[in-house]
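K.L.:
Shown below is the structure under consideration.
Protein chains: 2
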Amino acid sequence: MTLDTLQFAHRFDSVSGSAIREIFKLIAKPGMISFAGGNPAKSALPDELCAQVAKEVLQRDGKAILQYGATEGYAPLLESLHAYAEDALGCPIDTVLPVTGSTQAMDLLCKALIDPGDVILVENPTFLGNMQCMKLYQAKLVPVESDENGILIDKLEEAIIKHHPKLLYTIPTFQNPTGKTLAADRRAPIAELAAKYGVVVAEDDPYRDLRYAGTPLPSIKSYDRDGWVVFLGSFSKIISPGLRVGFMAGDSRILRKCTVGKQSTDVHTSNLTQAIVDQFLRRDLLPEHIRSICASYKEQLDAMLEELASFPEGTTYTKPEGGLFIWVELPEHLNALDMLQTCVARGVAYVPGTHFFAEGGHHNTLRLNFSNSTVEQIHQGMAVIRDVIAEASK
Amino acid sequence: MTLDTLQFAHRFDSVSGSAIREIFKLIAKPGMISFAGGNPAKSALPDELCAQVAKEVLQRDGKAILQYGATEGYAPLLESLHAYAEDALGCPIDTVLPVTGSTQAMDLLCKALIDPGDVILVENPTFLGNMQCMKLYQAKLVPVESDENGILIDKLEEAIIKHHPKLLYTIPTFQNPTGKTLAADRRAPIAELAAKYGVVVAEDDPYRDLRYAGTPLPSIKSYDRDGWVVFLGSFSKIISPGLRVGFMAGDSRILRKCTVGKQSTDVHTSNLTQAIVDQFLRRDLLPEHIRSICASYKEQLDAMLEELASFPEGTTYTKPEGGLFIWVELPEHLNALDMLQTCVARGVAYVPGTHFFAEGGHHNTLRLNFSNSTVEQIHQGMAVIRDVIAEASK
Numbered sequence: 001m002t003l004d005t006l007q008f009a010h011r012f013d014s015v016s017g018s019a020i021r022e023i024f025k026l027i028a029k030p031g032m033i034s035f036a037g038g039n040p041a042k043s044a045l046p047d048e049l050c051a052q053v054a055k056e057v058l059q060r061d062g063k064a065i066l067q068y069g070a071t072e073g074y075a076p077l078l079e080s081l082h083a084y085a086e087d088a089l090g091c092p093i094d095t096v097l098p099v100t101g102s103t104q105a106m107d108l109l110c111k112a113l114i115d116p117g118d119v120i121l122v123e124n125p126t127f128l129g130n131m132q133c134m135k136l137y138q139a140k141l142v143p144v145e146s147d148e149n150g151i152l153i154d155k156l157e158e159a160i161i162k163h164h165p166k167l168l169y170t171i172p173t174f175q176n177p178t179g180k181t182l183a184a185d186r187r188a189p190i191a192e193l194a195a196k197y198g199v200v201v202a203e204d205d206p207y208r209d210l211r212y213a214g215t216p217l218p219s220i221k222s223y224d225r226d227g228w229v230v231f232l233g234s235f236s237k238i239i240s241p242g243l244r245v246g247f248m249a250g251d252s253r254i255l256r257k258c259t260v261g262k263q264s265t266d267v268h269t270s271n272l273t274q275a276i277v278d279q280f281l282r283r284d285l286l287p288e289h290i291r292s293i294c295a296s297y298k299e300q301l302d303a304m305l306e307e308l309a310s311f312p313e314g315t316t317y318t319k320p321e322g323g324l325f326i327w328v329e330l331p332e333h334l335n336a337l338d339m340l341q342t343c344v345a346r347g348v349a350y351v352p353g354t355h356f357f358a359e360g361g362h363h364n365t366l367r368l369n370f371s372n373s374t375v376e377q378i379h380q381g382m383a384v385i386r387d388v389i390a391e392a393s394k
Numbered sequence: 395m396t397l398d399t400l401q402f403a404h405r406f407d408s409v410s411g412s413a414i415r416e417i418f419k420l421i422a423k424p425g426m427i428s429f430a431g432g433n434p435a436k437s438a439l440p441d442e443l444c445a446q447v448a449k450e451v452l453q454r455d456g457k458a459i460l461q462y463g464a465t466e467g468y469a470p471l472l473e474s475l476h477a478y479a480e481d482a483l484g485c486p487i488d489t490v491l492p493v494t495g496s497t498q499a500m501d502l503l504c505k506a507l508i509d510p511g512d513v514i515l516v517e518n519p520t521f522l523g524n525m526q527c528m529k530l531y532q533a534k535l536v537p538v539e540s541d542e543n544g545i546l547i548d549k550l551e552e553a554i555i556k557h558h559p560k561l562l563y564t565i566p567t568f569q570n571p572t573g574k575t576l577a578a579d580r581r582a583p584i585a586e587l588a589a590k591y592g593v594v595v596a597e598d599d600p601y602r603d604l605r606y607a608g609t610p611l612p613s614i615k616s617y618d619r620d621g622w623v624v625f626l627g628s629f630s631k632i633i634s635p636g637l638r639v640g641f642m643a644g645d646s647r648i649l650r651k652c653t654v655g656k657q658s659t660d661v662h663t664s665n666l667t668q669a670i671v672d673q674f675l676r677r678d679l680l681p682e683h684i685r686s687i688c689a690s691y692k693e694q695l696d697a698m699l700e701e702l703a704s705f706p707e708g709t710t711y712t713k714p715e716g717g718l719f720i721w722v723e724l725p726e727h728l729n730a731l732d733m734l735q736t737c738v739a740r741g742v743a744y745v746p747g748t749h750f751f752a753e754g755g756h757h758n759t760l761r762l763n764f765s766n767s768t769v770e771q772i773h774q775g776m777a778v779i780r781d782v783i784a785e786a787s788k
């Protein structure tokens with residue numbers, strides 16, 4: 001029988017693969033200026049330090065690192081991570097679970113909670129990688145309306161009452177893809193609504209340390225009294241995405257299910273990468289490293305905003321205080337998906353905004369990343385996009 | 395609302411967590427002799443070499459290793475792994491996909507193929523970690539009868555005709571938990587039945603290099619003409635389980651679905667651990683390392699078999715030519731689950747055999763691991779088990 005007769009599982013019926021990861025392959029040629037992706041700058045990746053640390057941890061604890069570990073995490077990291085999480089989130093934390101990148105946190109949370117047809121409330125637009133995750137669990141994604149300060153609390157309550165969601169997925173700080181931050185006075189209400197109606201909140205907060213202006217806001221988790229909020233943390237933006245280490249922090253009843261799910265997902269996260277992250281926490285290497293990253297990302301953000309100021313009338317864009325992304329809305333008649341081909345042919349890439357909407361549409365939007373390009377590349381690349389827009393507007 | 399009202403997903407209805415991983419925690423006290431688990435010996439873990447290699451790869455290619463990588467795998471490993479897989483399996487390979495331990499290979503294969511209620515044929519007994527994985531995909535596990543030479547081909551065809559399975563899961567070499575090896579003349583027929591009836595075969599073969607006697611047998615994959623066989627490979631037993639690197643090898647149509655599934659599972663396997671494995675392959679470090687592991691594992695196996703020879707009449711056990719496990723059947727009236735408590739109290743652990751059967755039962759069986767204990771510990775620990783059996787037999 002030919003393999004073409006093979007029927008794949010129905011969870012793939014509406015999923016064909018991440019558009020971003022396909023764009024990555026398209027643009028993997030030398031000289032390309034990429035405003036796509038959410039890659040850290042090369043200069044932000046601590047290769048020398050990691051080389052040293054990797055060697056040290058393997059020399060000191062190599063037999064334990066190379067052996068099977070506990071699904072619950074590498075013991076030294078559990079200790080340093082618990083302290084780090086409580087400090088970062090500004091509240092006591094019941095349990096932390098190291099995971100293989102915070103993408104796995106979302107996967108495990110869906111595994112623990114989502115039956116086919118269950119509703120997940122999402123921001124509109126939202127992170128497309130995690131939308132793919134939710135779709136593979138056959139969840140029904142229902143967008144909740146936001147304004148420039150994030151999710152609208154009355155719309156959230158309406159949506160909860162109407163759709164009885166299992167989960168709310170939110171990226172409160174320097175959101176992907178918009179760069180927006182959830183206002184301080186909307187954070188406690190989200191935790192309260194979650195407890196009132198019995199909805200788990202996935203607070204996905206990988207960008208919180210990349211703040212270039214303004215003051216840090218309390219986590220939603222810090223207002224959580226009953227355990228409904230699960231915090232998803234990442235070291236991808238502040239140490240390295242290639243190591244694949246993130247964590248979940250929350251109530252042990254939820255994290256226990258995630259741990260059982262993780263047993264048969266990958267048994268445990270690599271002990272070596274956990275041990276490297278442990279050293280960054282234990283030796284308190286992050287604050288200085290983050291300061292140096294933020295200094296250059298701020299210049300890159302400013303350069304991109306400066307270029308956007310001369311984009312054609314009718315263009316609007318966010319002015320984030322941190323993170324990696326600017327969200328651009330072009331005049332309605334323009335199509336960022338069509339324009340991408342031309343831009344890529346001229347050596348510049350971005351992600352069309354339509355991919356970030358649960359229900360598609362919004363073809364006049366795009367997401368720009370500034371962290372992975374030099375200031376010079378930003379000036380050069382933005383000029384190309386401006387030209388392509390001008391030609392498309394004719 | 396209290397979190398106790400939270401309803402977890404139905405996929406957990408019949409899954410409470412891996413019995414083995416719970417036993418691990420029970421026995422994590424100093425001085426315990428553990429015949430549970432499938433851990434490599436401490437001496438088999440190349441910590442000094444890994445420390446050197448980790449430092450070198452990060453110094454040479456650190457910026458790429460620490461950056462986001464392709465879901466399809468770290469480019470240098472893809473090259474060396476493809477060559478390694480073709481050599482190991484003795485056949486041309488269409489596609490290889492590095493994964494976060496071969497446990498993830500099974501998870502991705504189920505994700506790609508299994509809708510709730512789909513049938514997976516399994517050996518009886520079989521590896522319990524992967525049974526948990528299958529159950530979390532709500533598959534129906536149907537055992538196929540084996541004899542001392544592995545799956546019975548006529549029984550397999552009967553089961554295929556009767557149950558229309560999506561997948562056959564088999565561990566053909568030094569099987570977990572029995573140590574049995576599928577006979578040479580049953581390997582082509584399995585590939586043929588798979589193609590005849592359109593059943594995907596997951597050939598899980600992590601122990602094939604740990605051979606202490608006899609000659610290597612061709613993989614089932616090497617008889618596969620139409621792409622129905624997916625090979626699951628692991629470096630856990632021959633380099634390190636703590637690194638979490640394994641691979642899948644097979645037809646690109648199946649592996650493409652697994653890759654899309656992996657995008658939202660963990661984006662990609664850690665580039666650092668992939669780069670370390672790449673060096674083992676590229677520098678051809680495995681053959682000598684495996685020779686040295688096998689030399690000591692053979693002594694450990696022999697010591698355990700020697701002890702088993704003096705177990706009470708009515709005890710039968712396998713005499714594997716390789717791998718990590720011996721399977722023991724005690725006289726019918728003995729209960730290995732009950733005896734475990736006594737053994738653990740006296741400092742010796744094993745895994746009761748009942749956990750490895752899809753339908754439970756078989757309380758007089760147990761699995762013994764010999765790789766993670768010294769010859770001295772084996773003599774000492776087996777004497778304890780023999781005593782406990784003698785007391786239970788009274």
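Line by line, the protein sequences give chains A and B.
Taking the working numbering, the leading residue of the first sequence gets 1, the next gets one more, and so forth.
Taking the working numbering, the leading residue of the second sequence gets 395, the next gets one more, and so forth.
Where a beta carbon is used, it is the ideal one built from N, C-alpha and C, also for glycine.
In this text the structure is predicted, and so the values were computed from the model without any measurement.
#1: Whose CA, out of B:Thr609, B:Pro746, B:Ala577 and B:Val594, lies closest to the CA of Phe521 (chain B)?
#2: Roughly how many angstroms separate the alpha carbons of Pro434 (chain B) and Ser634 (chain B), rounded to a whole number?
#3: Look at Gly150 (chain A) and Ala183 (chain A) and say whether their C-beta atoms are less than 8 Å apart.
#4: Kindly indicate which three-state DSSP category Lys140 (chain A) falls into: helix, strand or coil?
#5: Does the region 55–73 of chain A come into contact with the region 259–269 of chain A, if we say contact requires no fewer than three beta-carbon pairs (one atom in each stretch) closer than 8 Å?
#6: Could you give the distance in angstroms between the alpha-carbon of Gly640 (chain B) and the alpha-carbon of Thr2 (chain A)?
#7: Determine the extent of the alpha helix (DSSP H) in which Asp732 (chain B) is found, giving its start and end residues.
#8: Give the interface partners of Asn665 (chain B) over in chain A, defined as CB-CB distance under 7 Å, in chain order.
#9: Return the bridge partner residues of Phe231 (chain A) from the DSSP annotation.
#10: Quick check: what's the CA-CA separation for Leu460 (chain B) versus Gln453 (chain B)?
#11: Within 8 Å (strictly less), CB to CB, does Tyr617 (chain B) reach chain A?
#12: For Ser616 (chain B), which residues of its own chain have a beta-carbon under 7 Å away from its beta-carbon, when the five flanking residues on both sides are left out?
#13: Under 9 Å between beta-carbons, which chain A residues line up against His404 (chain B)? List them in chain order, please.
#14: According to the Cβ coordinates, are Ser102 (chain A) and Gly250 (chain A) closer than 8 Å?
#15: Using the C-alpha atoms, what's the distance from Tyr478 (chain B) back to Asp618 (chain B)?
#16: Which residues of chain A have a Cβ atom closer than 8 Å to the Cβ of Met698 (chain B), listed in chain order?
#17: Can you give the Cα-Cα distance for Met525 (chain B) and Lys196 (chain A), rounded to whole angstroms?
#18: First and last residue of the beta strand (DSSP E) that includes Ile120 (chain A)?
#19: Rounded to the nearest angstrom, how far is the Cβ of Gln694 (chain B) from that of Val769 (chain B), given a contact under 8 Å?
#20: In the region 441–513 of chain B, which residue ranges form an unbroken beta strand (DSSP E) of at least 3 residues, counting only runs that do not cross its ends?
#21: Rounded to whole angstroms, what's the CA-CA distance from Ile389 (chain A) to Val348 (chain A)? Just pull it up for me.
#22: Pick helix, strand or coil for Gly716 (chain B), following the three-state DSSP scheme.
#23: Can you tell me where the beta strand (DSSP E) holding Tyr563 (chain B) begins and where it ends?
#24: Nearest CA to the CA of Lys631 (chain B): which residue from B:Arg676, B:Asp599 and B:Gln657?
#25: In the region 560–582 of chain B, which residues sit with their C-beta less than 7 Å from some C-beta in chain A, listed in chain order?
#26: For a cutoff of 8 Å on Cβ pairs, would you count Leu604 (chain B) as touching chain A?
#27: Give, in chain order, every unbroken run of the alpha helix (DSSP H) that is at least 4 residues long and sits entirely within the region 567–621 of chain B.
#28: Look up Arg367 (chain A) in the DSSP assignment and give the residues it is bridged to.
#29: Out of curiosity, what's the CA-to-CA distance linking Pro370 (chain A) and Leu587 (chain B)?
#30: Just to confirm, is the Cβ distance from Glu775 (chain B) to Ile421 (chain B) under 8 Å?
#31: Taking a Cβ distance cut-off of 8 Å, strictly less, list which residues of the region 188–206 of chain A are near chain B, in chain order.
#32: Between the beta-carbon of Lys574 (chain B) and the beta-carbon of Thr712 (chain B), is there less than 8 Å?
#33: May I ask you to list, following chain order, the residues of the region 458–483 of chain B that have a beta carbon less than 8 Å from some beta carbon of chain A?
#34: Would you check if the region 309–327 of chain A and the region 164–181 of chain A touch, i.e. whether three or more CB-CB distances between them fall below 8 Å?
#35: Return the CA-CA distance between Ser16 (chain A) and Gln657 (chain B), expressed in angstroms with no decimal places.
#36: Would you identify the three-state DSSP class for Ser767 (chain B), choosing helix, strand or coil?
P.N.:
Reading off the structure:
#1: Out of B:Thr609, B:Pro746, B:Ala577 and B:Val594, B:Pro746 has the C-alpha closest to the C-alpha of Phe521 (chain B).
#2: Each residue's Cα considered, the two are about 8 Å apart.
#3: Contact flag set, yes.
#4: Residue state, collapsed to three classes: strand.
#5: When Cβ pairs closer than 8 Å are counted between the two stretches, the region 55–73 of chain A is seen to touch the region 259–269 of chain A, the count reaching three or more.
#6: One Cα belongs to Gly640 (chain B), the other to Thr2 (chain A), and the distance between them is close to 27 Å.
#7: Its alpha helix (DSSP H) spans residues Ala730 to Ala739.
#8: Result: Gly242.
#9: In the DSSP assignment, Phe231 (chain A) is bridged to A:Glu203 and A:Ala249.
#10: Annotation: Leu460 (chain B) to Gln453 (chain B) spans about 11 Å, alpha carbon to alpha carbon.
#11: No, its Cβ sits nowhere closer than 8 Å to a Cβ of chain A.
#12: Cβ contact annotation for Ser616 (chain B) (same chain, cutoff 7 Å, sequence separation greater than five): Leu483, Gly484 and Cys485, in chain order.
#13: Per Cβ cutoff of 9 Å: Asp115.
#14: Cβ distance not < 8 Å, so Ser102 (chain A) and Gly250 (chain A) don't count as in contact.
#15: Taking C-alpha positions only, Asp618 (chain B) is separated from Tyr478 (chain B) by approximately 18 Å.
#16: Under the 8 Å cutoff, chain A gives no residues; its nearest Cβ is about 20 Å from Met698 (chain B).
#17: Taking the straight line joining both Cα atoms gives about 38 Å.
#18: Element bounds for Ile120 (chain A): Val119 to Glu123.
#19: Correct: roughly 6 Å between the Cβ atoms.
#20: Assignment of beta strand (DSSP E) within the region 441–513 of chain B, counting only whole runs of 3 or more residues, yields 489–493 in chain order.
#21: The straight-line gap separating the alpha-carbon atoms of Ile389 (chain A) and Val348 (chain A) is approximately 13 Å.
#22: Strand, per DSSP.
#23: Element bounds for Tyr563 (chain B): Leu561 to Thr564.
#24: Nearest in C-alpha terms to Lys631 (chain B), of all of B:Arg676, B:Asp599 and B:Gln657, is B:Asp599.
#25: Under the 7 Å Cβ criterion, the region 560–582 of chain B contributes no residue.
#26: Using beta-carbon distances, Leu604 (chain B) does not count as an interface residue toward chain A, since no partner is under 8 Å.
#27: Every alpha helix (DSSP H) of 4 residues or more that sits fully in the region 567–621 of chain B is shown, in chain order, as 581–591.
#28: Answer by DSSP bridge pairing, in chain order: A:Trp327 and A:Val351.
#29: The sequence given here places Phe at residue 370 (chain A); Pro does not occur at that position. One C-alpha to the other measures close to 54 Å.
#30: Here residue 775 (chain B) is Gly; the residue named in the question, Glu, does not match the sequence. Result no, Cβ atoms of Gly775 (chain B) and Ile421 (chain B) do not sit closer than 8 Å.
#31: With the criterion set as a beta carbon lying under 8 Å from some beta carbon of chain B, the members of the region 188–206 of chain A are Ala195, Lys196, Tyr197, Gly198 and Val200, in sequence order.
#32: The beta carbons of Lys574 (chain B) and Thr712 (chain B) sit closer together than 8 Å.
#33: Listed by position along the chain: Ala458, Ile459, Leu460, Gln461, Tyr462, Gly463, Ala464 and Thr465.
#34: Short answer: they touch.
#35: Taken atom to atom, the span from the alpha-carbon of Ser16 (chain A) to that of Gln657 (chain B) is near 11 Å.
#36: In the structure shown, Ser767 (chain B) adopts coil according to DSSP, grouped into three states.
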